[in-house]
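Please read the structure below before turning to the comments.
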Amino acid sequence: FDRAKDKIMMGAERRSLVMSEEERKLTAYHESGHAVVGLLVPEHDPVYKVTIIPRGRALGVTMFLPEEDRYSLSKQRLMSQMKSLFGGRIAEEVVFGPACVTTGAANDIERATEIARNMVTKWGLSDRLGPLTYSEDDGEIFLGRSVTRHKQLSDMTAHVIDEEVRQLVDNCYSEAKKILEKNMKKLHLMADALIKYETIDEAQIKDIMEGRDPQPPEDWEDSDSGGEPESAEEGSEKKATTPLGGPAGQH
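177 is the number that our numbering gives to position 177 of the sequence shown; each next residue is one higher, with no gaps.
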């Protein structure tokens, strides 16, 4: 049952995709960064599972599973989502150095930027701009629409929107970095567990967050991991995009 559920939520495993040990290690830290930050920020869904086995289009997945149905999102929850999205890139930066940061966070950055821009232009969550809608998304796109559409924002307002989006992103990035720098032991423990077991679930994650070495997963056999893992891998990159308020989120 768990295998079927994981296949639906995270995509089918692609064990035929072989990655180098260096890429596996980088992926393990990237996904661990998502998980550790997500577990330590307020109003964030709990981590269901973390894996560095390629699934679907994702090269590694951190799956967050909501505890209840949710139909609206608070500003704090949105900020926490942004912080956890940046956790993967920040983990690469603090562990391997700025020069070794990869393109794996491209989708994370895109999603975080979209949240920040929606907060400012659609959801009225900018203190500076207030509860007004500044979005020009006003209907179906048709041939010639871009020619006939009138400009709705002044250049000054567009500039302020960009500044507000930048401030939200920078604040979340900075706070996520502080969280990881204060919890490096947990980050290393989780990355080591992922390199060894390839997939960890709630039980192992709980051990790690309490500062203990995680127990092996129930279905894990020592021969599975010893030396040459079956196809593990670099996570992050092309993460499957999950809409806000969806049944589960993955990074």
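Every residue, glycine too, gets a C-beta built ideally from N, C-alpha and C.
Please read all numbers here as calculations on a predicted model, not as lab measurements.
Check your understanding: Sorted by chain position, which residues of the same chain lie with C-beta nearer than 6 Å to Pro217's C-beta, five sequence neighbours on each side aside?
Key -> Tyr197
Check your understanding: Got a sec? Which residues, its chain only, sit under 6 Å from Arg128 by beta carbon, not counting five neighbours each side?
Key -> Glu164
**Study point:** Lys122 in three-state terms, based on DSSP
**Key:** coil
Exercise for review: With DSSP collapsed to three states, give me the class of Thr199.
Suggested key: strand
Review point. Roughly how many angstroms separate the alpha carbons of Glu175 and Gln152, rounded to a whole number?
Key: 34 Å
Check your understanding: Which of helix, strand or coil does DSSP assign to Tyr173?
Key -> helix
Review point. So, are the CB atoms of Leu78 and Ile109 less than 8 Å apart?
Key: no
Check your understanding: If you count every other CB in all the chains shown that lies within 10 Å of the CB of Tyr71, and 16 or more means buried, which is it?
Key -> exposed
Exercise for review: State buried or exposed for Gln76, treating a residue as buried only when at least 16 other CB atoms are found within 10 Å of its CB.
Suggested key: exposed
Review point. Per DSSP, what kind of secondary structure is Thr103 in: helix, strand or coil?
Key: helix
Practice item. Might you give, ordered along the chain, the residues of its own chain that have their beta carbon closer than 7 Å to the beta carbon of Trp220, omitting 5 neighbours on each side? Key: Tyr197
Check your understanding: Which term fits Arg212, buried or exposed, when burial requires 16 or more other beta carbons within 10 angstroms of its beta carbon?
Key -> exposed
Practice item. With DSSP as the reference, label Pro98 as helix, strand or coil. Key: helix
Point to revise | N- and C-terminal bounds of the alpha helix (DSSP H) containing Gly33 | key: Glu21 to Leu40
Practice item. Assign Gly184 to buried or exposed, taking buried as 16 or more other Cβ atoms, counted over all protein chains shown, within 10 Å of its Cβ. Key: The sequence shown places Met at residue 184, not Gly. Exposed, because fewer than 16 other Cβ atoms sit within 10 Å of the Cβ of Met184.
**Study point:** Val169 versus Asp207: straight-line alpha-carbon distance, rounded
**Key:** 31 Å
Point to revise | Counted within 10 angstroms of its Cβ, other Cβ atoms place Cys172 as buried (16 or more) or exposed | key: buried
Practice item. Report back the beta-carbon spacing between Gly33 and Leu189 to the nearest angstrom; my notes put them in contact at under 8 Å. Key: Actually they are not in contact, since the Cβ atoms of Gly33 and Leu189 sit about 13 Å apart, beyond 8 Å.
Exercise for review: Indicate whether Leu120 and Ser80 have their beta-carbon atoms separated by less than 8 Å.
Suggested key: In the sequence on display, residue 120 carries Val and not Leu. Cβ atoms of Val120 and Ser80: not closer than 8 Å.
Exercise for review: From the DSSP output, in three-state form, read off Arg212 for me.
Suggested key: coil
Practice item. Answer with buried or exposed for His44, where buried requires no fewer than 16 other C-beta atoms within 10 angstroms of its C-beta. Key: buried
Check your understanding: So Arg89 and Val101 are in contact, right, with Cβ under 8 Å, and what is the actual spacing, rounded?
Key -> 6 Å
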